[in-house]
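Undergrad: Residue numbers (the UniProt record's numbering), protein chains in the order written: chain Y, 1 to 367; chain G, 1 to 367.
Protein chains: 2
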Amino acid sequence: MAQTQPQPQTPTPIRFGILGCADIARKVSRAISLSPNAIIYAIGSRSFEKAAKFAASNNFPDSAKIYGSYDAVLDDPNVDAVYVPLPTSLHIKWAVAAAEKKKHILLEKPVALNVGEFDKVVEACELNGLQLMDSTMWMHNPRTAKMKEFLSDTEKFGHLRSIHATFTFAADQDFLENDIRVKPDLDALGALGDAGWYCVRFILWANDFNLPKSVTALPGTIFNKAGVIISCGAALHWEDGKVATFHCSFLANLTMTVTASGTKGSLHLNDFVIPFEEKQGSFTTATDSGFTELVTGWAPLPSQHTVMTDLPQEARMVTEFSRLVKGVKNGDGAVEKMWPTISRKTQLVLDAVKTSVEKGGEAVSLS
Amino acid sequence: MAQTQPQPQTPTPIRFGILGCADIARKVSRAISLSPNAIIYAIGSRSFEKAAKFAASNNFPDSAKIYGSYDAVLDDPNVDAVYVPLPTSLHIKWAVAAAEKKKHILLEKPVALNVGEFDKVVEACELNGLQLMDSTMWMHNPRTAKMKEFLSDTEKFGHLRSIHATFTFAADQDFLENDIRVKPDLDALGALGDAGWYCVRFILWANDFNLPKSVTALPGTIFNKAGVIISCGAALHWEDGKVATFHCSFLANLTMTVTASGTKGSLHLNDFVIPFEEKQGSFTTATDSGFTELVTGWAPLPSQHTVMTDLPQEARMVTEFSRLVKGVKNGDGAVEKMWPTISRKTQLVLDAVKTSVEKGGEAVSLS
Chain Y
1 MAQTQPQPQT PTPIRFGILG CADIARKVSR AISLSPNAII YAIGSRSFEK AAKFAASNNF
61 PDSAKIYGSY DAVLDDPNVD AVYVPLPTSL HIKWAVAAAE KKKHILLEKP VALNVGEFDK
121 VVEACELNGL QLMDSTMWMH NPRTAKMKEF LSDTEKFGHL RSIHATFTFA ADQDFLENDI
181 RVKPDLDALG ALGDAGWYCV RFILWANDFN LPKSVTALPG TIFNKAGVII SCGAALHWED
241 GKVATFHCSF LANLTMTVTA SGTKGSLHLN DFVIPFEEKQ GSFTTATDSG FTELVTGWAP
301 LPSQHTVMTD LPQEARMVTE FSRLVKGVKN GDGAVEKMWP TISRKTQLVL DAVKTSVEKG
361 GEAVSLS
Chain G
1 MAQTQPQPQT PTPIRFGILG CADIARKVSR AISLSPNAII YAIGSRSFEK AAKFAASNNF
61 PDSAKIYGSY DAVLDDPNVD AVYVPLPTSL HIKWAVAAAE KKKHILLEKP VALNVGEFDK
121 VVEACELNGL QLMDSTMWMH NPRTAKMKEF LSDTEKFGHL RSIHATFTFA ADQDFLENDI
181 RVKPDLDALG ALGDAGWYCV RFILWANDFN LPKSVTALPG TIFNKAGVII SCGAALHWED
241 GKVATFHCSF LANLTMTVTA SGTKGSLHLN DFVIPFEEKQ GSFTTATDSG FTELVTGWAP
301 LPSQHTVMTD LPQEARMVTE FSRLVKGVKN GDGAVEKMWP TISRKTQLVL DAVKTSVEKG
361 GEAVSLS
């Protein structure tokens, strides 16, 4: 086990250890490199060779440590934080292990197989005074803040009444047979845990993270042969009459649409998870929409807004996470509990959808 | 009762009689005037003065007959066809009466309070060899044909997997208290019969009018004090796994969104009922959508399509209806049964949603 004590390039950046060589770790590795306050410090895989190859093909700094196990990463005292892109079923084991080794945690979604497991991760992080954040990148796009501004504007948007989110992509045969997201022992939540996570997160985000009163799975859930959900949807319903629906699937062309209607305004976007372009994101708003005199057209017309971003959303996520970690580490900041709180709420709704699916579409109460 | 036998301007155009002075009749009157094969021939209201005022303020031709009753319009032998924008509860009485007087019928939506009533209208039209068409204007926009081309393209769109439609508008206090669409004795289907009609029609249209296997009302239906639906939604589910959801409401800012996802492509538009602009309509398509190398953007990007129209969609509707009527009248064409058939299917789904609402969200089978 490596026990070297290398000097980081600068004492300032947060030193990331990466657990495993998942495909998504390529994107997040780049994000760490792009972040001004973070560096890739180490990667561990069950295979040293695999880790070395991953580091080489993803422009890791020469200084990056290569380890032949996840444990070795956690045992490296210079690793400040870990990024955990492991299959969901392994989150509880490795996130808790990381917390016990005092590593802050950036955790891939879905955060756990169920909220009970996630609570153990949260508990371990709290016990050790660690920042926990899930890797929902779009939350960190500056477009998101701009959309929130609009949704919070009681004059321009009013109060949310309904929201619909769709996230589908057309998985190829190899994915449908071999991807961890279709395996009951790896990512047992399937399309719900993957694409559905984003839909639920957006819906909750638009609702200021107020949980719905009830969650009802819609008819038409599709399972693969192993019993994993590959297509499903649900309806959410709030005490005050707000409603939401979402649909997530591995079986239809890439679609990432949100429509939110408020008493005074509405919001649309067709790329809510991953913006069409890296350096900018758009959305459409409308306020007090009505018709021309004989109802032959709209007046006013909706308007499009484009928000530029210097850093891609995933790099902004790493930067924000690292900023929080640095505060905790230096003692001049505190753990931001909002992040695990919203992870938990998202997981809670996913769990309710799954329960409703299992009960044939019975409404599951969350209040 | 007027028994004059005026000469129409030309023997060719179909001579319309309009039953009542509903607000929507203003738009359709203009559409009749714009149509090359139709003329406004007569209008009848329970009040002669109201009819006269309506004619004067809506640029009716000087030749237009003004009648103080609906019966008088039906009794005028020169009236070829009637446009029926009366409250839904009156459709059965006046559409059947019109059919018995051999008038072809352009009928506002929802076509009836329930499919049983509509069947009586259909029967009366069939007995008398008459064309019946509902007034779903967007069906006649050339954009609709272009979208159908895309949805039917197995290479570009593949097979439909899911579709969501939202149609909401923010009714003002006067509407919510006085409009016929909130009155149980007039338009008892409320928002479902009005905004919901369009959502259901689009969903069925995209499904080549194959009826769903089941219809399930979503939690969160809102009724007014009189028990009329002013906000609701439903999930539809087909035997082959296709799913659809819709939301319709009088309580949120004008929103007219459709998202359809197929195995290979997707379709979006935000103005499906009434295009933003009268002379053109746009929609967005995507085919084989995927991501850039590190999943930091889309490749290829969706593309926007704009379809111009010489005549507004409602005038194209009148023109098509009149073309069919003329064929029947001249004996060189036949009644197009597709139109009442799709009206009936739309009504059947509305009925199922209403039943499901009444049964607290129980699935209603349509197979």
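Note that beta-carbon positions come from the ideal geometry of N, C-alpha and C, so glycine has one too.
Here's the rule: buried if 16 or more other CB atoms are within 10 angstroms of the residue's CB, otherwise exposed. What is M1 (chain Y)?
TA: Caution applies to M1 (chain Y), whose pLDDT of 42 falls short of 50 and renders its modelled position unreliable; the model cannot decide the point.
Undergrad: Of all the residues that make up the segment 278–299 of chain Y, which are near chain G by a beta-carbon distance shorter than 8 Å?
TA: Residues E278, T284, A286, T287, D288, S289, G290, F291, T292, L294, V295, T296, G297, W298.
Undergrad: Between the segment 202–229 of chain Y and chain G, which residues of the former have CB atoms less than 7 Å from a CB of the latter, in chain order?
TA: Hits within the stretch, in order: S214, T216, L218, P219, G220, I222.
Undergrad: Measuring only the C-alpha atoms, how far is V318 (chain Y) from T292 (chain G)?
TA: Spanning the two alpha carbons is a distance of roughly 20 Å.
Undergrad: Using the three-state DSSP reduction, which class does Q9 (chain Y) fall into: helix, strand or coil?
TA: With a pLDDT of 44 at Q9 (chain Y), under the threshold of 50, the modelled position of this residue cannot be trusted, and the question is left open.
Undergrad: Does any C-beta atom of chain Y lie closer than 8 Å to the C-beta of G262 (chain G)?
TA: So, interface residue.
Undergrad: Thinking C-alpha only, which one of Y:T341, Y:F276, Y:H268, Y:D194 is nearest K354 (chain Y)?
TA: Nearest C-alpha to K354 (chain Y): Y:D194.
Undergrad: Report the option in Y:T88, Y:N141, Y:T263, Y:M137 whose CA atom is closest to the CA atom of D172 (chain G).
TA: Of the candidates Y:T88, Y:N141, Y:T263, Y:M137, the one whose C-alpha sits nearest the C-alpha of D172 (chain G) is Y:T263.
Undergrad: Tell me whether H140 (chain G) sits in a helix, a strand or coil according to DSSP, three-state version.
TA: Looking at H140 (chain G) - three-state DSSP - the assignment turns out to be helix.
Undergrad: Using 8 Å as the threshold, is the segment 251–258 of chain G in touch with the segment 273–291 of chain Y, meaning 3 or more CB pairs across them?
TA: Touching, yes.
Undergrad: Ignore the nearest five residues each way along the sequence and tell me which others in C199 (chain Y)'s own chain have a CB closer than 6 Å to its CB.
TA: Only A165, F167, F246, C248 meet the Cβ criterion.
Undergrad: Here's a check: name, in chain order, each residue in its chain whose Cβ is nearer than 6 Å to the Cβ of P13 (chain G), leaving out the five neighbours to either side.
TA: Excluding positions up to five away in sequence, the list reads N37, A38, I39.
Undergrad: Count the other CB atoms within 10 Å of the CB of F16 (chain Y); is the residue buried (16 or more) or exposed (fewer)?
TA: Looking at its Cβ environment, which holds 16 or more other Cβ atoms inside 10 Å, F16 (chain Y) is buried.
Undergrad: How do the segment 15–32 of chain Y and the segment 83–91 of chain Y stand: do at least 3 beta-carbon pairs fall below 8 Å, yes or no?
TA: Because the criterion of three Cβ pairs below 8 Å is met, the segment 15–32 of chain Y and the segment 83–91 of chain Y touch.
Undergrad: With the cut-off set at 8 Å, would you say V115 (chain Y) and R344 (chain Y) are in Cβ contact?
TA: Yes, Cβ-Cβ distance for V115 (chain Y) and R344 (chain Y) is below 8 Å.
Undergrad: Using the DSSP secondary-structure output, state which residues sit across from L106 (chain Y) in a beta bridge.
TA: Partner(s): Y:Y83, Y:M133.
Undergrad: From the DSSP output, which residues share a beta bridge with W298 (chain Y)?
TA: W298 (chain Y) pairs with Y:F291.
Undergrad: Under the three-state reduction of DSSP, which class applies to Q347 (chain G): helix, strand or coil?
TA: It is helical.
Undergrad: Taking the alpha-carbon of V325 (chain Y) as reference, which of Y:K93, Y:S57, Y:K102, Y:A51 has the nearest alpha-carbon?
TA: Selected option, being the one with the closest Cα: Y:K102.
Undergrad: Can you tell me where the beta strand (DSSP E) with R161 (chain Y) in it begins and where it stops?
TA: That run of the beta strand (DSSP E) goes 160–170.
Undergrad: Check each residue of the segment 245–273 of chain Y: if its Cβ is closer than 8 Å to any Cβ of chain G, include it; give the result in chain order.
TA: The residues in question are T245, H247, S249, L251, A252, N253, L254, T255, T257, T259, S261, G262, T263, K264, G265, S266, H268, N270, D271.
Undergrad: Does any CB atom of chain Y fall closer than 8 Å to the CB of K27 (chain G)?
TA: Yes, contact with chain Y.
Undergrad: Contact check, A234 (chain G) vs L218 (chain G) under 8 Å by CB: the rounded distance?
TA: Indeed, because the Cβ distance is near 6 Å, the residues count as touching under 8 Å.
Undergrad: From M308 (chain G) to F276 (chain G), what does the alpha carbon distance come to, in whole angstroms?
TA: Their backbone Cα atoms lie some 12 Å apart in a straight line.
Undergrad: Buried or exposed for residue 380 (chain Y), please, with buried defined as at least 16 other CB atoms from any protein chain shown within 10 angstroms of its CB.
TA: A query on residue 380 (chain Y) cannot be resolved here, the shown segment of chain Y reaching from 1 to 367 and no further.
Undergrad: DSSP on K65 (chain Y), reduced to helix/strand/coil?
TA: Residue state, collapsed to three classes: strand.
Undergrad: Would you be able to state if there are at least three C-beta pairs under 8 Å between the segment 298–315 of chain Y and the segment 137–145 of chain Y?
TA: The segment 137–145 of chain Y, when compared against the segment 298–315 of chain Y, does touch it at the 8 Å Cβ threshold.
Undergrad: At a CB-CB cut-off below 7 Å, which residues of chain Y make contact with L106 (chain G)?
TA: Here the premise fails: no neighbours, minimum Cβ distance about 17 Å.
Undergrad: Start and end of the alpha helix (DSSP H) containing V122 (chain Y)?
TA: Unbroken alpha helix (DSSP H) run through V122 (chain Y): 115–127.
Undergrad: To which residues of the same chain is T259 (chain Y) closer than 6 Å at the C-beta, ignoring the five residues directly before and after it?
TA: So the list reads H164, H268, once near-sequence residues are dropped.
Undergrad: Taking Cβ positions, are V215 (chain G) and V73 (chain G) nearer each other than 8 Å?
TA: Contact: no.
Undergrad: Any C-beta of chain C sitting closer than 8 Å to the C-beta of T168 (chain G)?
TA: No chain C appears in this structure, whose protein chains are Y and G.
Undergrad: Answer with yes or no whether the minimum CB distance from S162 (chain Y) to chain G is below 8 Å.
TA: Answer yes: the Cβ-Cβ gap between S162 (chain Y) and chain G drops below 8 Å somewhere.
Undergrad: Counting along the chain, where does the alpha helix (DSSP H) carrying residue 405 (chain G) start and finish?
TA: Chain G is shown from 1 up to 367; residue 405 (chain G) falls before or after that span and cannot be answered.
Undergrad: Can you pull out the residues from the segment 346–367 of chain G whose beta carbon lies closer than 8 Å to at least one beta carbon of chain Y?
TA: Answer set for the segment 346–367 of chain G: G361, A363.
Undergrad: Can you find the residues in the same chain that come closer than 6 Å, C-beta to C-beta, to N58 (chain G), ignoring five residues on each side of it along the sequence?
TA: Answer for N58 (chain G): R26, S29, listed in chain order.
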